[in-house]
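Trainee:
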Amino acid sequence: MPRVKHYLVNERYEDPGIFLQVENTGDYILFDIGNIYKLDRSIIKKINKIFITHTHMDHFIGFDYLLRLKLGKQQVVEIFGIYPVSENIYHKLQGYIWNLVEFEPQIIFLVKQYKDGYFYHYKF
924 MPRVKHYLVN ERYEDPGIFL QVENTGDYIL FDIGNIYKLD RSIIKKINKI
974 FITHTHMDHF IGFDYLLRLK LGKQQVVEIF GIYPVSENIY HKLQGYIWNL
1024 VEFEPQIIFL VKQYKDGYFY HYKF
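Taken in order, the sequence shown gives residues 924 to 1047; the numbers are from the working numbering.
(1) Taking DSSP's pairing of strands, which residues face TYR1037 in a bridge?
(2) Report the CB separation of ILE1020 from LYS993 in whole angstroms; it is logged as a contact under 8 Å.
(3) What's the call for ASP955, buried or exposed, on a 16-neighbour Cβ count within 10 Å?
(4) Which class does ASP981 belong to by DSSP, given the choice of helix, strand or coil?
(5) Closer than 6 Å by C-beta to ASP938: which residues in its own chain qualify, once you throw out the five before and the five after it? Chain order, please.
(6) Kindly identify the DSSP beta-bridge partner or partners of LYS928.
(7) Let me check understanding here. Comparing Cα to Cα, which of TYR1045, ILE1012 and GLY940 lies closest to ILE967?
(8) Out of LEU989, LEU1023, ASP1039 and GLU934, point me to the one whose CA is closest to SER965's CA.
(9) What's the gap between the Cα of ILE970 and the Cα of ILE952?
(10) What do you reckon, are the CB atoms on TYR1013 and PHE974 nearer than 9 Å?
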């Protein structure tokens, strides 16, 4: 059975977030993505699974910082959440002008959204 390293991203009463590293699997998992500036950049770049409980600002504002650190990296990030997480991610990505990016975007977000008893899959 793989060992799991885990810790809180922030202090009590700050933006919620739990980080997990599952040894020998390559999984770097984040539960909620509020303010993640306290996480080491090298860890953020390895995060490949994110569970978002809901998209209030204190649970979701770190998405932009994660995106910035992952630009130009060839990686798939799975995101799990409830409706409307896929719409929120779509609008965040649409909120930027991408004309200065000289490379083909290589980061892929695979969003698995739960709504009305079903899982819906999106790829951004």
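Yeah, the Cβ is synthetic: ideal placement off N, Cα and C, and Gly gets one too. Owing to the predicted nature of the structure, the values given are computational and were not obtained by experimental measurement.
Mentor: Working from what's here:
(1) ILE1005 and PHE1042
(2) At roughly 18 Å, the Cβ-Cβ gap does not stay under 8 Å, so ILE1020 and LYS993 are not in contact.
(3) buried
(4) helix
(5) If we look at ASP938 and ignore the five residues flanking it on each side, its Cβ neighbours are GLY957, ASN958 and ASP981.
(6) GLN944
(7) GLY940
(8) LEU989
(9) 6 Å
(10) no
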